[in-house]
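Chemist: Each residue of the sequence shown is one higher than the last, beginning at -4 in my numbering.
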Amino acid sequence: ADPMEATMEPATQDMLRRAQKLGIDTVFDRAVTMKPCAIGMQGICCKNCAMGPCRLPLPKGGIDGEDTRKGLCGATANTICARNFVRMIAGGAAAHSDHGRGVAETFLSAARKSAKDYSVKDPARLIQIAPYFGVATTVEEDGVTKDRDIDEIALAVAEKAVREWGKPELTASYIKRAPKPLQEKWEKEGVVPRNVDREIVECMHRTLMGVDQDYKNLMKQGVRASLADGWCGSMIGTDLQDVMFGSPSPLQAEANLGVMKEDHVNLIVHGHEPLLSEIIIAVAQSQEMVDYAKSKGAKGIQLAGICCTANEMLQRHGVPPAGNFLQQEFAIITGACDAMVVDVQCIMQNLANVAKCFHTKLITTHPIAKIEQDNVIHIEFDEHYAMEDAKRIVKIAIDNFENRGADVMIPKQRSIQVAGFGVESIQYHLGGSFRGSYYTLNDNIINGRIRGVAGVVGCNNARTKHNEEHIVLIKELLKNDVLVLVTGCSAIAAGVHGLLTPESAAVYCGPGLAEVCETVGIPPVLHLGSCVDNSRILLAATEMVKAGGLGDDICDLPAAGSAPEWMSEKAIAIGQYFVASGVYTVFGYHMPLEGAPVFKDYLYKEMEEIYGGKWDCEPDPIKHAHKMIAHIDKKRKELGI
Ligand code: BF8
């Protein structure tokens, strides 16, 4: 791969050159040598039974000609494409929601006092969410209303929360957090999620050979499972993480591969669940471990993150991200990574091969995510012995410091960023004098200083130029006075490329947005956390509706969503819950829908009539931005502003 073509980010270019010099192949090289399957790419390969895989050809008269294509069973292009799409949603929703389940189960152990290393760090958040689970936060004693004991509330909430994955009642509890008109749309359409597990199981059942063969009906289940992700599994995950680890608030930190330090033990934590990384932070910062590192000749311990674990550690503690998805191999290729600890999701198996070329210890920690190569160590993380497990891991990194080879090359690039935003901190900076209000934000949208709001989220994809789609798109939005909310690898890209500073407002924003950001002292791009934290964007949008003046529902807002470099099935689940919540959502690169134009039209056009939001795809980042801006302008016109 040509480093200049593969990524726009200089540290990554340097590392790719180094990898090539050392004869280590990376994802960028494999993207050149291995091309995707053209039929799979169009979404019309059905491998759900052993009569297939049935790979549908193009219709005889071209893609818009008469369509008589079918699989052996007779499944049409629409059925096959919809099945594949629904299975992607199920995969994504399962990943987010299983993460959320792990958090809920740990919270239950903490509430029962059997996971002694976890506790309630943010009681206000606990009290805020308790009513949605039907848990009282006050008690009556002798006719007087008193605050209920926080441990009691925690236990009651935890017991209710874990049931959201499999309860027999017919509605997920958090659904009532959505704006009323949206809830009514979901009810009318019959897509209100029951519980997380059931929706995912039903996706798998309906997409089995010979079950649901109506793309619209299939997508009803896709929508329902996606809502179970966004408004239930992910949202509970985010909330309970806030309860246990504290809600983020704005802080300053660094970003990029250059945060690694030659004279320190470099411990990289990669994956998604903060259950592990939170404890690793506590252990790595303990005097005992710092002294131990010094006894081994290091100046200290440098922690850094990759992927969404990076975001979790950044948002709550200011631990710097070393990079996003496509930078994971390069953290090891610096030669300075003493240990890389991974849990679940977005972990490339090639890390094991890369680690073999250096001294790096690669440690898997999750029972559901092991790596077969024999140089990988597995230390199973158990929430009941969190501190002990984390100590073992940190000690492995320290002990490995002296095994480093002479050939260390840490790129110089590291940027400064302000991260740590959330629903409350947006309110703090852009609210009014009334608690619970996004008044200032709405007011600035109404008076036109801010044209609208965009959520730019999601992955990197080695089939597109690393970070470029994110950065070009975000800059174009800023130039046009659109306030940008970011999560996931998009947020890391924005941090690395210097868009997460208040000063960047004067450089990149149109005059209106620049004025607002300068007045309140915020960056024009707000980092809202990991991909699971996209639930924060749903709630921020709901707050905008509540604050008034911008319509009655999320679909009325001058807002749009985007995942310009998406890669994971998780992005499809997120995209679908945004669409079904009323958001116009544009993906970059490509969508696996081209082989079934009728189904594609259903997602790109008809869905808007049902939910107020719809899908779209545009690989060119400037055109992509302008599609979002055109939608924002349409909404402004409808609102008469
Ligand atoms: O959940 S953005 S590459 S890291 S999937 Fe993965 Fe995509 Fe990054 Fe986080 Ni989200």
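By construction, the Cβ of each residue, glycine as well, lies at the ideal position given by its N, Cα and C atoms.
Owing to the predicted nature of the structure, the values given are computational and were not obtained by experimental measurement.
(1) For residue 410, count neighbouring C-beta atoms within 10 Å of its own C-beta (all shown protein chains included) and say buried if the count is 16 or more, exposed if not.
(2) Quick check: the Cα distance between residue 315 and residue 250, rounded to an integer number of angstroms?
(3) Tell me whether the beta-carbon of residue 297 lies closer than 8 Å to the beta-carbon of residue 255.
(4) Check whether the Cβ atoms of residue 569 and residue 87 lie closer than 8 Å to each other.
(5) Quick check: what's the CA-CA separation for residue 630 versus residue 618?
(6) Whole-angstrom Cβ separation of residue 19 and residue 550, contact assumed at under 8 Å?
(7) Could you give the distance in angstroms between the alpha-carbon of residue 460 and the alpha-carbon of residue 118?
(8) With burial defined as no fewer than 16 other Cβ atoms inside 10 Å of the residue's Cβ, what is the status of residue 626: buried or exposed?
(9) Tell me whether the segment 478 to 488 and the segment 583 to 598 touch, counting them as touching only if at least three CB pairs, one residue from each stretch, are closer than 8 Å.
(10) Taking the alpha-carbon positions, what's the residue 199 to residue 92 distance?
(11) Starting from residue 264, follow its DSSP beta bridges and name the residues at the other end.
(12) Should the segment 227 to 245 be regarded as contacting the segment 112 to 126, the criterion being three or more beta carbon pairs within less than 8 Å?
(13) Compute the Euclidean distance between the alpha carbons of residue 96 and residue 156, then round it to the nearest angstrom.
(14) CB of residue 267 to nearest heavy atom of ligand 1: below 7 Å?
(15) Starting from residue 447, trace the beta strand (DSSP E) in both directions and tell me its first and last residue.
(16) Under 8 Å Cβ to Cβ from residue 81, same chain only, skipping five residues before and after it: list those, please.
(17) Just how far apart, CA to CA, sit residue 101 and residue 444?
(18) Nearest by alpha-carbon distance to residue 450: which of 438, 493, 535, 227 is it?
(19) If residue 326 and residue 301 are in contact, beta carbons under 8 Å, what's the gap, nearest whole angstrom?
(20) Just how far apart, CA to CA, sit residue 145 and residue 234?
(21) Shortest alpha-carbon distance to residue 386 belongs to which of 226, 142, 272?
(22) Indicate the three-state DSSP secondary structure (helix, strand or coil) for residue 131 in the structure shown.
(23) Write down every uninterrupted run of the alpha helix (DSSP H) in the segment 69 to 102 whose length is 4 residues or greater and which is fully enclosed by it, in chain order.
(24) By the DSSP assignment, the alpha helix (DSSP H) with residue 492 in it spans what residues?
(25) How would you label residue 310, buried or exposed, when you count the other beta carbons within 10 angstroms and need 16 or more for buried?
(26) Can you give me the Cβ contacts of residue 259 inside the same chain, cut-off strictly under 8 Å, excluding the 5 residues immediately before and after it?
(27) Based on DSSP bridge pairs, tell me the residues matched to residue 50.
(28) Need the endpoints of the alpha helix (DSSP H) that residue 226 sits in, please.
(29) Measure the alpha-carbon distance for residue 580 versus residue 176 and round it to whole angstroms.
(30) Any chance the CB of residue 335 is under 7 Å from a heavy atom of ligand 1?
(31) Do residue 130 and residue 106 have their beta-carbon atoms positioned less than 8 Å apart in this structure?
(32) Mind checking which residues open and close the beta strand (DSSP E) that includes residue 250?
(33) What ranges does the beta strand (DSSP E) occupy inside the segment 358 to 386, keeping only unbroken runs of at least 3 residues that lie completely in it?
(34) Keeping to the same chain, check which residues put their C-beta closer than 6 Å to that of residue 313; ignore five residues upstream and five downstream.
(35) Looking only at its chain, what residues have a beta carbon closer than 6 Å to the beta carbon of residue 515, apart from the 5 residues adjacent to it on each side?
(36) When the Cα of residue 30 is compared with those of 458, 163, 609, which residue comes out closest?
Modeler: Here's the rundown:
(1) Against the sequence shown, residue 410 aligns to sequence position 415. Flag for residue 410 reads buried.
(2) The count along the sequence shown starts at 1 and reaches residue 315 at position 320. The count along the sequence shown starts at 1 and reaches residue 250 at position 255. The alpha-carbon atoms of residue 315 and residue 250 are separated by roughly 5 Å.
(3) For the purposes of this step, residue 297 is taken as residue 302 along the sequence shown, with counting starting at 1. For the purposes of this step, residue 255 is taken as residue 260 along the sequence shown, with counting starting at 1. Contact flag set, yes.
(4) The count along the sequence shown starts at 1 and reaches residue 569 at position 574. The count along the sequence shown starts at 1 and reaches residue 87 at position 92. A contact, by the Cβ cut-off of 8 Å.
(5) Against the sequence shown, residue 630 aligns to sequence position 635. Against the sequence shown, residue 618 aligns to sequence position 623. If I take the Cα positions, the gap works out to 18 Å.
(6) Mapped onto the sequence shown, residue 19 falls at position 24. Mapped onto the sequence shown, residue 550 falls at position 555. With 8 Å as the limit, residue 19 and residue 550 do not qualify as a contact, their Cβ atoms being about 48 Å apart.
(7) Residue numbering aside, residue 460 sits at position 465 when the sequence shown is read from its first letter. Residue numbering aside, residue 118 sits at position 123 when the sequence shown is read from its first letter. If you take the alpha carbons of residue 460 and residue 118, they lie about 43 Å apart.
(8) Translated into the one-based positions of the sequence shown, residue 626 becomes position 631. Looking at its Cβ environment, which holds 16 or more other Cβ atoms inside 10 Å, residue 626 is buried.
(9) no
(10) The count along the sequence shown starts at 1 and reaches residue 199 at position 204. The count along the sequence shown starts at 1 and reaches residue 92 at position 97. In a straight line, the C-alpha of residue 199 is about 16 Å away from that of residue 92.
(11) Along the sequence shown, read from residue 1 onward, the residue named residue 264 stands at position 269. BP columns for residue 264 point to 300, 336.
(12) yes
(13) Residue numbering aside, residue 96 sits at position 101 when the sequence shown is read from its first letter. Residue numbering aside, residue 156 sits at position 161 when the sequence shown is read from its first letter. So the alpha carbons of these two residues sit roughly 9 Å apart.
(14) Residue mapping note: residue 267 aligns to position 272 of the sequence shown, counting from 1. Residue 267 Cβ: within cutoff of ligand 1.
(15) As a first step, residue 447 must be located in the sequence shown, where it is residue number 452. Taken as a continuous stretch (DSSP letters only), the beta strand (DSSP E) holding residue 447 covers 447 to 451.
(16) Along the sequence shown, one-based indexing puts residue 81 at 86. Taken in chain order, the residues that qualify are 198, 201, 202, 213, 214, 216, 217, 220.
(17) Within the sequence shown, numbered from 1, the residue matching residue 101 stands at position 106. Within the sequence shown, numbered from 1, the residue matching residue 444 stands at position 449. In a straight line, the C-alpha of residue 101 is about 44 Å away from that of residue 444.
(18) Start at 1 with the first residue of the sequence shown, and residue 450 comes out as number 455. Of the listed residues, the one whose Cα sits closest to residue 450 is 535.
(19) Taking the sequence shown and counting its residues from 1, one reaches residue 326 at position 331. Taking the sequence shown and counting its residues from 1, one reaches residue 301 at position 306. Right, the Cβ-Cβ distance comes to about 6 Å (below 8 Å), so this counts as a contact.
(20) On the sequence shown, position 150 is the one that residue 145 refers to. On the sequence shown, position 239 is the one that residue 234 refers to. Approximately 16 Å between the Cα atoms of the pair.
(21) As a position in the sequence shown, residue 386 is number 391, starting the count at 1. Of the candidates 226, 142, 272, the one whose C-alpha sits nearest the C-alpha of residue 386 is 272.
(22) The sequence position of residue 131 within the sequence shown is 136, counting from 1. Three-state result, residue 131: coil.
(23) none
(24) Taking the sequence shown and counting its residues from 1, one reaches residue 492 at position 497. Here residue 492 belongs to no alpha helix (DSSP H), and DSSP marks it neither H nor E.
(25) To locate residue 310, count along the sequence shown from 1; it is residue 315. Looking at its Cβ environment, which holds 16 or more other Cβ atoms inside 10 Å, residue 310 is buried.
(26) The residue labelled residue 259 in the question sits at position 264 within the sequence shown. The answer, listed in chain order, is 288, 293, 294, 295, 296, 297.
(27) Here residue 50 refers to the residue found at position 55 when the sequence shown is read from its first residue. Answer is 40, bridged to residue 50.
(28) Position 231 of the sequence shown, counted from the first residue, corresponds to residue 226. Here residue 226 belongs to no alpha helix (DSSP H), and DSSP marks it neither H nor E.
(29) Residue 580 sits at position 585 when you count from the first residue of the sequence shown. Residue 176 sits at position 181 when you count from the first residue of the sequence shown. Near 20 Å, if we compare the C-alpha coordinates of residue 176 and residue 580.
(30) Position 340 of the sequence shown holds residue 335. Residue 335 Cβ: outside cutoff for every heavy atom of ligand 1.
(31) Residue numbering aside, residue 106 sits at position 111 when the sequence shown is read from its first letter. Residue numbering aside, residue 130 sits at position 135 when the sequence shown is read from its first letter. Their beta carbons are not under 8 Å apart, which means residue 106 does not touch residue 130 by this criterion.
(32) Along the sequence shown, read from residue 1 onward, the residue named residue 250 stands at position 255. From DSSP, the beta strand (DSSP E) with residue 250 extends over 246 to 250.
(33) 371 to 373
(34) Working through the sequence shown from its first residue, we reach residue 313 at position 318. Cβ neighbours of residue 313 beyond the five flanking positions: 246, 248.
(35) The count along the sequence shown starts at 1 and reaches residue 515 at position 520. Counting only Cβ-Cβ distances below 6 Å, and skipping sequence neighbours, we find 424.
(36) In the sequence shown, residue 30 corresponds to position 35, counting from 1. The shortest Cα separation from residue 30 among 458, 163, 609 belongs to 458.
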